[in-house]
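Undergrad:
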Amino acid sequence: MRPAELNALRANAATAKAWLVEGVWKVEHAFERSKAQGRVVDDTRLRICFVMALFGMAFVTLGIEAGRAALLGKAGGPEEAAAPPPGARADLVDREGRLLAVDLVHYGLYLDPRASWNIKETRAKLMAALPNLSRERLEKALRSDRREYLIGALTPSERERVHDLGLPELSFEEEERRVYPVGESASHLIGFADSGGHGLAGAESALDPEVREAAAAGKPVALAIDLRVQAALEDELRGIMRLHTPISATGIVTNARTGEVLALASLPDFNPNTAGQSPPANLVNHAAASVYEMGSTFKIFTFALGLDSGVANVNSTFDASEPLKIGDRTIHDYHGVNRVMSLEDVFIHSSNIGTAKLGLRAGGERLKRYFDAFGLLAPARVELSESARPILPRTWNEDVVASASFGAAISVSPLAVAGGVGAVMNGGNYVPLTILRQDGAPKGRRVISPEASRAMLDLMRANVLRGTGTKADAPGLRVGGKTGSAEKVIGGRYERSKLVSSFAAVFPTDGPVDATRYVVLITVDEPKGVKETFGFATGGWTAAPAAGRVIDRIAPFLGVRRTPTAPFAAQRQAAAPAEEVSEGTL
Amino acid sequence: MTLTYQPHAFARTDRSRLGVWWWTTDRLLLTAVAVLIALGVTLSFGSSPAAAARIGLHDPFHFAIRQCVYGVAGAAILLAVSMCSPKGVRRLSFFIYVVAIVIMMALPVLGHSAKGATRWLQLGGFSLQPSEFMKPALIVLAAWMFSEGQKGEGVPGVFIAFCLWALSVGLLLAEPDVGQTVLITVAFGAAFFMAGVPFAWIVGLGGAAVVGMTAIYFTFGHVAARVHKFLSPDTADTHQIDRAAEAIAAGGFLGRGPGEGVMKRHVPDLHTDFIYSAAAEEYGLVFSLLLISLFAFVVVRGLYRAMKLTDPFEQVASAGLFVLVGQQAFINVAVNLNMIPTKGMTLPFISYGGSSMLAMGLTLGLALALTSRRPGAYSQGDGYAPAGAGLT
Chain A
4 MRPAELNALR
14 ANAATAKAWL
24 VEGVWKVEHA
34 FERSKAQGRV
44 VDDTRLRICF
54 VMALFGMAFV
64 TLGIEAGRAA
74 LLGKAGGPEE
84 AAAPPPGARA
94 DLVDREGRLL
104 AVDLVHYGLY
114 LDPRASWNIK
124 ETRAKLMAAL
134 PNLSRERLEK
144 ALRSDRREYL
154 IGALTPSERE
164 RVHDLGLPEL
174 SFEEEERRVY
184 PVGESASHLI
194 GFADSGGHGL
204 AGAESALDPE
214 VREAAAAGKP
224 VALAIDLRVQ
234 AALEDELRGI
244 MRLHTPISAT
254 GIVTNARTGE
264 VLALASLPDF
274 NPNTAGQSPP
284 ANLVNHAAAS
294 VYEMGSTFKI
304 FTFALGLDSG
314 VANVNSTFDA
324 SEPLKIGDRT
334 IHDYHGVNRV
344 MSLEDVFIHS
354 SNIGTAKLGL
364 RAGGERLKRY
374 FDAFGLLAPA
384 RVELSESARP
394 ILPRTWNEDV
404 VASASFGAAI
414 SVSPLAVAGG
424 VGAVMNGGNY
434 VPLTILRQDG
444 APKGRRVISP
454 EASRAMLDLM
464 RANVLRGTGT
474 KADAPGLRVG
484 GKTGSAEKVI
494 GGRYERSKLV
504 SSFAAVFPTD
514 GPVDATRYVV
524 LITVDEPKGV
534 KETFGFATGG
544 WTAAPAAGRV
554 IDRIAPFLGV
564 RRTPTAPFAA
574 QRQAAAPAEE
584 VSEGTL
Chain B
49 MTLTYQPHAF
59 ARTDRSRLGV
69 WWWTTDRLLL
79 TAVAVLIALG
89 VTLSFGSSPA
99 AAARIGLHDP
109 FHFAIRQCVY
119 GVAGAAILLA
129 VSMCSPKGVR
139 RLSFFIYVVA
149 IVIMMALPVL
159 GHSAKGATRW
169 LQLGGFSLQP
179 SEFMKPALIV
189 LAAWMFSEGQ
199 KGEGVPGVFI
209 AFCLWALSVG
219 LLLAEPDVGQ
229 TVLITVAFGA
239 AFFMAGVPFA
249 WIVGLGGAAV
259 VGMTAIYFTF
269 GHVAARVHKF
279 LSPDTADTHQ
289 IDRAAEAIAA
299 GGFLGRGPGE
309 GVMKRHVPDL
319 HTDFIYSAAA
329 EEYGLVFSLL
339 LISLFAFVVV
349 RGLYRAMKLT
359 DPFEQVASAG
369 LFVLVGQQAF
379 INVAVNLNMI
389 PTKGMTLPFI
399 SYGGSSMLAM
409 GLTLGLALAL
419 TSRRPGAYSQ
429 GDGYAPAGAG
439 LT
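Next comes the structure, spelled out in structure tokens:
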């Protein structure tokens, strides 16, 4: 940098400094002058007085605000209903408002060892009062230097017992816990939620968002089930479990018109209050999550589609005098009558040959279309997330069509079957099943004609009067139904001694075609034949009598009137009814 | 029956330093401050267990015992400082200002960070906040400089005062401590105003203040967040303020009763910034109004005394100090009542805190020293009264 520039810069700096100093002094003198002029507005006393007045007003305002906040404020006290905690779940009730699941206040127990006078005494008293208490956790808490959580979910009486120990180091905190007052009843339908308020199974899981929303609104969620119907169903299923000692027994009662699931049981079951302690196998809802080859019960669908599509009518005949040969496979009738049979005979004698011929007459394409319409080719349409996908044949060739027509080669869940049977029996509308109480008109989609539905009701009734389902009759309740006994596939072979026995019932079968009717489906997995059933383990001997007794018990709850009838005993037959066991293809 | 003669602790003829102090100091202010300190200590016994439990201290009265110590120390500082002459006040303030500024400059190296700011100096088991002590010193020095400038004796008073202010604010914003910045700026502005700044300038300075506040709003994220929180209570997390409002409402007129408050278990800063709400919950509106009245009395009485003084420096300095106390009390209570955005500010003498208590002792000590009845300090009829004369 040249000296000239440096000098210029110095000069500029000097000017700037002089300007700054001048400016400062200008301000200083102006300040000084204003004071010296002694104007009233500039007087310090007046200014202080002004500040004093400001503070006076400020503090008066504070006083007023303090009064308002204290007297008119919104206290978070007991006057105000507490907002539901974040994990809150609404009550679940049955269709009549009976409590099924509820959030209840329980107590968490805390221990602060610093406040303990005598650690030994604390340990001894706590162990005595709470036998469930984890010893390990208690020891850890006793050695801690802070307040520790000991155990949760204490009931009021447990809390009282601990409280009465009079130990100052113990304290309680409220916590919400899901309680299922009806215990095992409907456990698979209701499901359960974890301690954080998340639904894990059944309705608790399927309706999780609804349950949370309802909790915020303070309203219960009404399920479709009727606890009385549920109780009758479970009682009869327990009878099957005792008598036939199967792997599992499931039962479903639905309102065919509305699709409402009035009862759903799957044995073995569990207590949702202590779901974690149940064997995992008991937590499986076989009615929704298991798929079975249903056997002859499936003939309902084959007959319905045959009647509706016009490939058969009540006057059709089927020649069952010879076993049916398809390729290198032969279909027999076990208790074959070996003659030309009417449509009704095929149904009530559960002829596989006749049904296969009907299926073949309809053709694979049609069979598939109708099965799809009955909801059999997809998971049952119901809220439950357990609803299982069916196992379907890869192709629909003649062999498969013949098998599928009598319920082999296709595995579906009992819920899906109940949905499809409802559609056949309610006048021909497929109504998705629902576990929620329905108050509006049901929304369905027509799948068969009312006439076909009417004919099916008559066939079902005839089967109970004269066919394989006689043990399902209940006095004066016009029960109709279809048995099914499917051999299970074990290791790639149909095993003759291991059956899935089922009975699909509908009642009442009379009245207008679109009247309210109820479907009862009972499925028993591997029942054992016993002396009382002459060694039989088929649907007609296991599921059918139970279905009849269920219907007999629940009809009054459902408002189904009995009609005068001939003495019940007269219709009973001592011998085993002719019944078909399906033999499928693989 | 004989009447025994009880000699007064300080006879009117007592000319010792203590005797003079007793008769010259404003005893009403002294009493009010003593009551405030006593209330602060009392309230700390209610809030301490909850606060101690939250941070896991074994001793539930950890904070209460410390508050007792602080209360005694604060009172001692107050008494000692209130014995100063105006000249002593200036000297002390200068000394404190220099020391505080030096410490604040050293804070980035020596300081102790908490809640996102470096404001504290760790001294043994105690943390000291130098800016608390800097505040009253700055006000006294600024008032001094204003009065010197007005004398027209060649002292650039306004310039020096603004330099002192700028230095303080610069260091405070570096910590950052926007609350203290606003606090001292308002007190400084009030002192400048009371010193007799022309009205035309006020408009200009007001404009500058608005620009400054806007700049702060955009520069410091936590300030903007707090303002937003205040302006949109529905969307923001207003946990402390909501609990405070509930507590005050639950307290109602007479309160839940001593020790019965529940809010203190839910609010982190209850023993410091939200002590008012905790007290209102337990002792009710009656107590709240008493507290507000005490502060109002201290401020108004102090300003009244300042007004009556004759010397411009003493007037502005003492008034500025009372403004400092008054605005801090106002802001704290107003935050508790949700009248203004949340601002971390202690309630003088009541909130838990060593720095706050000691600095308030210093502030009031300086103010009492300046407003004492020295000969010639007050105009005719307001001055130092010899024995037998009326007091006010």
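Chains A and B, in that order, give the protein sequences. The first sequence begins at 4 in our numbering and counts up one residue at a time. The second sequence begins at 49 in our numbering and counts up one residue at a time. Backbone N, C-alpha and C fix where the C-beta goes; we use that ideal spot for every residue, glycine too. Note that this is a predicted model, so its numbers are computed, not measured.
Using a Cβ-Cβ cut-off of less than 7 angstroms, give me the residues of the region 352 to 385 of chain B that come near chain A, in sequence order.
TA: Cβ contacts with chain A come from Y352, A354, M355, P360, Q363, V364, A367, V371, G374, F378, V381, A382, L385.
Undergrad: Can a CB atom of chain B be found closer than 8 angstroms to the CB of A/S174?
TA: Position 171 of the first sequence, counting from 1, holds the residue named residue 174 of chain A. No, A/S174 lies away from the interface with chain B (no Cβ there is under 8 angstroms from its Cβ).
Undergrad: Does B/Q288 have its Cβ less than 8 angstroms from a Cβ in chain A?
TA: What you label residue 288 of chain B is simply residue 240 of the second sequence in a count that begins at 1. Not closer than 8 angstroms to any Cβ of chain A, the Cβ of B/Q288 fails to qualify, so no.
Undergrad: Out of curiosity, what's the CA-to-CA distance linking A/A376 and A/G202?
TA: Residue numbering aside, residue 376 of chain A sits at position 373 when the first sequence is read from its first letter. Residue numbering aside, residue 202 of chain A sits at position 199 when the first sequence is read from its first letter. Going by the C-alpha atoms only, they are around 31 angstroms apart.
Undergrad: For A/L561, which of helix, strand or coil comes out of DSSP?
TA: Locating residue 561 of chain A in the first sequence gives position 558, counting from the first residue. Three-state result, A/L561: helix.
Undergrad: Cα-Cα, which of B/F240, B/L372, B/I323 is closest to B/V89?
TA: On the second sequence, residue 89 of chain B is found 41 positions in, with the first residue counted as 1. For B/V89, the nearest C-alpha among the options comes from B/I323.
Undergrad: Compute the beta-carbon to beta-carbon distance between B/A297 and A/G76, rounded to the nearest angstrom, for a pair I have assumed lies under 8 angstroms.
TA: Within the second sequence, numbered from 1, the residue matching residue 297 of chain B stands at position 249. Within the first sequence, numbered from 1, the residue matching residue 76 of chain A stands at position 73. The pair is a contact, with the Cβ atoms about 3 angstroms apart (cut-off 8 angstroms).
Undergrad: Is there a C-beta anywhere in chain B that falls below 8 angstroms from the one on A/S251?
TA: For the purposes of this step, residue 251 of chain A is taken as the residue at position 248 of the first sequence. Cβ-Cβ to chain B under 8 angstroms: no for A/S251.
Undergrad: Nearest to B/G119 by alpha carbon, out of B/L77, B/L416, B/G402, B/Y426?
TA: Locating residue 119 of chain B in the second sequence gives position 71, where the first residue counts as 1. When only C-alpha atoms are compared, the closest one is B/G402.
Undergrad: Which residues in the same chain as B/G299 place their Cβ atom closer than 6 angstroms to its Cβ, once the five residues preceding and following it in sequence are excluded?
TA: Residue numbering aside, residue 299 of chain B sits at position 251 when the second sequence is read from its first letter. Only A328, E329, G332 meet the Cβ criterion.
Undergrad: Distance, Cα to Cα, A/A217 vs A/N288?
TA: As a position in the first sequence, residue 217 of chain A is number 214, starting the count at 1. As a position in the first sequence, residue 288 of chain A is number 285, starting the count at 1. Taking the straight line from one Cα to the other gives about 26 angstroms.
Undergrad: Report the partner residues of A/N258 according to the DSSP bridge assignment.
TA: In the first sequence, residue 258 of chain A corresponds to position 255, counting from 1. According to DSSP, which records beta bridges pairwise, A/N258 is partnered with A/Y521.
Undergrad: Please return the same chain residues whose Cβ sits closer than 6 angstroms to the Cβ of B/F397, not counting the five positions on each side in sequence.
TA: As a first step, residue 397 of chain B must be located in the second sequence, where it is residue number 349. Same-chain partners within the cutoff: L84, I85, G88, M408.
Undergrad: Could you please give me the residues that DSSP links to A/H109 through a beta bridge?
TA: Start at 1 with the first residue of the first sequence, and residue 109 of chain A comes out as number 106. According to DSSP, which records beta bridges pairwise, A/H109 is partnered with A/E178.
Undergrad: Could you please give the first and the last residue of the uninterrupted beta strand (DSSP E) stretch that includes B/S336?
TA: The residue labelled residue 336 of chain B in the question sits at position 288 within the second sequence. No beta strand (DSSP E) contains B/S336, which is instead part of the alpha helix (DSSP H) from 323 to 356.
Undergrad: For the region 156 to 190 of chain A, which residues have a CB atom closer than 8 angstroms to at least one CB atom of chain C, in sequence order?
TA: In the structure shown, chain C cannot be found, because the protein chains are A and B.
Undergrad: Closer than 7 angstroms, Cβ to any Cβ of chain B: which residues of the region 53 to 68 of chain A, in chain order?
TA: Cβ contacts with chain B come from V54, M55, F58, G59, A61, F62, L65, G66, E68.
Undergrad: Does the pairing of the region 268 to 282 of chain A with the region 306 to 314 of chain A give three or more beta-carbon distances under 8 angstroms?
TA: Not touching, per the Cβ criterion.
Undergrad: What residues of chain A sit near B/F499, judged by a beta carbon separation below 8 angstroms?
TA: Nothing can be reported for residue 499 of chain B: it is not among the residues displayed for chain B, which extend from 49 to 440.
Undergrad: So that I know if they touch, is there some Cβ in chain A lying closer than 8 angstroms to that of B/F58?
TA: Translated into positions along the second sequence, residue 58 of chain B becomes position 10. Cβ-Cβ to chain A under 8 angstroms: no for B/F58.
Undergrad: Using the Cα positions of B/G104 and A/R149, report the straight-line distance between them to the nearest angstrom.
TA: For the purposes of this step, residue 104 of chain B is identified with residue 56 of the second sequence, where counting begins at 1. For the purposes of this step, residue 149 of chain A is identified with residue 146 of the first sequence, where counting begins at 1. Approximately 8 angstroms between the Cα atoms of the pair.
Undergrad: Starting from the Cα of B/I289, find the closest Cα among B/M393, B/N384, B/T419, B/Y145 and give me that residue.
TA: Counted from its first residue, the second sequence places residue 289 of chain B at position 241. Out of B/M393, B/N384, B/T419, B/Y145, B/N384 has the C-alpha closest to the C-alpha of B/I289.
Undergrad: Taking the straight line between their C-alpha atoms, what separation do you get for B/P134 and B/F142?
TA: Counted from its first residue, the second sequence places residue 134 of chain B at position 86. Counted from its first residue, the second sequence places residue 142 of chain B at position 94. Roughly 12 angstroms between the two C-alpha positions.
Undergrad: Sort B/M387, B/I388, B/F378 by Cα distance to B/L395 and report the nearest one.
TA: Position 347 of the second sequence holds residue 395 of chain B. The option with the nearest alpha carbon to B/L395 is B/F378.
Undergrad: If you measure between the beta carbons of A/F510 and A/G472, is that distance less than 8 angstroms?
TA: Looking up residue 510 of chain A in the first sequence gives position 507. Looking up residue 472 of chain A in the first sequence gives position 469. Not closer than 8 angstroms, so no.
Undergrad: Taking one C-beta from the region 20 to 36 of chain A and one from the region 195 to 204 of chain B each time, how about it: are there three or more such pairs within less than 8 angstroms?
TA: In short, these stretches touch, since the Cβ pair count reaches three.
Undergrad: Would you decide whether A/W25 is buried or exposed? Buried here means 16 or more other CB atoms lie within 10 Å of its CB.
TA: Here residue 25 of chain A corresponds to residue number 22 of the first sequence, with the count starting at 1. In the sequence under discussion, the amino acid at residue 25 of chain A is Glu, which differs from the Trp named in the question. Exposed is the call here.
Undergrad: Hey, out of A/L265, A/L502, A/I193, whose CA is closest to A/T486's CA?
TA: Here residue 486 of chain A is taken as the residue at index 483 of the first sequence, counted from 1. The candidate whose alpha carbon is nearest that of A/T486 is A/L502.
Undergrad: For the region 267 to 276 of chain A and the region 309 to 322 of chain A, state whether three or more C-beta atom pairs, one from each stretch, are separated by less than 8 angstroms.
TA: With a cut-off of 8 angstroms, the region 309 to 322 of chain A and the region 267 to 276 of chain A do not count as touching, because too few Cβ pairs lie within range.
Undergrad: Compare the C-beta of A/L230 against all C-beta atoms of chain B and say whether one is closer than 8 angstroms.
TA: Stepping through the first sequence from its first residue, residue 230 of chain A is reached at position 227. For A/L230, the answer is no, since every Cβ of chain B falls outside 8 angstroms of its Cβ.
Undergrad: Taking all protein chains shown into account, decide if A/I67 is buried (16 or more other Cβ within 10 angstroms of its Cβ) or exposed.
TA: On the first sequence, position 64 is the one that residue 67 of chain A refers to. Classification for A/I67: exposed.
Undergrad: Leaving out the 5 sequence neighbours to the left and right, which residues in its chain are closer than 7 angstroms to A/A132 when beta-carbon positions are compared?
TA: Residue mapping note: residue 132 of chain A aligns to position 129 of the first sequence, counting from 1. Counting only Cβ-Cβ distances below 7 angstroms, and skipping sequence neighbours, we find R164, V165, L168.
Undergrad: So A/T47 contacts chain B; which residues on that side make the cut at Cβ distance below 7 angstroms?
TA: For the purposes of this step, residue 47 of chain A is taken as the residue at position 44 of the first sequence. Per Cβ cutoff of 7 angstroms: M242, A243, G244, P360, Q363, V364.
Undergrad: My assumption, with CB atoms under 8 angstroms, is that A/L246 sits in contact with A/A189. Please give the rounded CB distance.
TA: Here residue 246 of chain A refers to the residue found at position 243 of the first sequence. Here residue 189 of chain A refers to the residue found at position 186 of the first sequence. No, A/L246 and A/A189 are not in contact; Cβ-Cβ is about 22 angstroms, not under 8 angstroms.
Undergrad: Kindly confirm or deny that the region 402 to 421 of chain A and the region 445 to 464 of chain A touch, where touching means at least three C-beta pairs closer than 8 angstroms.
TA: With a cut-off of 8 angstroms, the region 445 to 464 of chain A and the region 402 to 421 of chain A do not count as touching, because too few Cβ pairs lie within range.
Undergrad: Under 7 angstroms Cβ-Cβ, which residues of chain A neighbour B/V348?
TA: Within the second sequence, numbered from 1, the residue matching residue 348 of chain B stands at position 300. Result: M55, F58, G59.
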